[in-house]
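Mapping of the sequence shown onto this note's numbering: residues 345 to 532, in sequence order.
In what follows, a single structure is set out as structure tokens and then discussed.
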Amino acid sequence: MRNRIAVILTTLAATTTVTAVATPASATESKITAVVTTFQADHRFSNAVTYDTDLVPAGALAGVGVETSEKGTVTELEVRGLVPNREYGAHVHVKRCGATGEAAGPHYQHVQDPKQPSTDPAYANPENEIWLDFTTDAQGAASTRSEVAWTFGDRRPASLVVHEHRTSTAEGKAGTAGARLACVNVSF
């Protein structure tokens, strides 16, 4: 699976805003969705918005690839042009990006925590959510990947949010990763 998503992201990265969907011919084949876009300071002009231009500069690139199959869901994130040598958190969220980071709503959870916002590690964990934490290299680039053993049903996420720091797993803080720095709309 990784090679197919990586090829799509690499191929699409030459453009500024592209969305591609490969639909399966049969139920046993996988479905791939990919979006490559440029972060802008205004959510009305791009599929990707930055809320903190110091940590996610306008003009930085994001590529998100999602592959679903009977085995589960693989999600990959590639970024370029962020702050070099810095840790970030990233998660899939339930709503589309908006004027503020809060517009994206809470993290998408396969099994929803009845108490929101969820900080219970029984729900807020990388097996029940899609976590894509990453550390940029000296050029401000990074790539990361999440694999979960489930697919989306009728309830689907709508965005990927980049956060201020790596995701906590501590009791009462599980799933938290600081401020919402940027957001990418994705048709999962």
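C-beta: ideal position from N, C-alpha, C; glycine also.
Cβ atoms of residue j and residue i: under 7 Å apart, would you say?
i: A521; j: H509; result: yes
i: A485; j: R424; result: yes
i: V436; j: L504; result: yes
i: T377; j: S490; result: no
i: T511; j: D477; result: yes
i: A406; j: V528; result: yes
i: T480; j: L399; result: no
i: V438; j: P450; result: yes
Which residues mark the beginning and the end of the beta strand (DSSP E) in which residue i is found?
i: K375; result: K375 to Q384
i: G416; result: G416 to R424
i: V524; result: A quick correction: the sequence has Arg, not Val, at residue 524. Here the beta strand (DSSP E) through R524 covers R524 to N529.
i: E491; result: A486 to V492
i: V393; result: A392 to T394
Can you find the residues in the same chain that come closer than 6 Å, C-beta to C-beta, to residue i, ignoring five residues on each side of it along the sequence?
i: A468; result: S462, A518 and G519
i: S487; result: E422
i: Y432; result: F478 and V506
Using the three-state DSSP reduction, which class does residue i fall into: helix, strand or coil?
i: A406; result: strand
i: H451; result: strand
i: E446; result: helix
i: R388; result: helix
i: A369; result: Per-residue confidence for A369 stands at a pLDDT of 47, beneath the threshold of 50, marking its modelled position as unreliable; the derived number appears in the next sentence. A369: coil per DSSP, three-state reduction.
Residues in its own chain within less than 7 Å of residue i by CB, not counting five upstream and five downstream?
i: W494; result: G416, T417 and H454
i: E515; result: P465
i: T444; result: Y395
For residue i, list the residues DSSP reports as bridge partners.
i: W475; result: H435
i: H507; result: G433 and R524
i: E411; result: I376 and V418
Starting from the C-beta of residue i, find all residues in its chain whose C-beta is less than 8 Å away, skip the five residues before and the five after it, and write them out in chain order.
i: A385; result: V393, T394, T397 and A402
i: E446; result: R524
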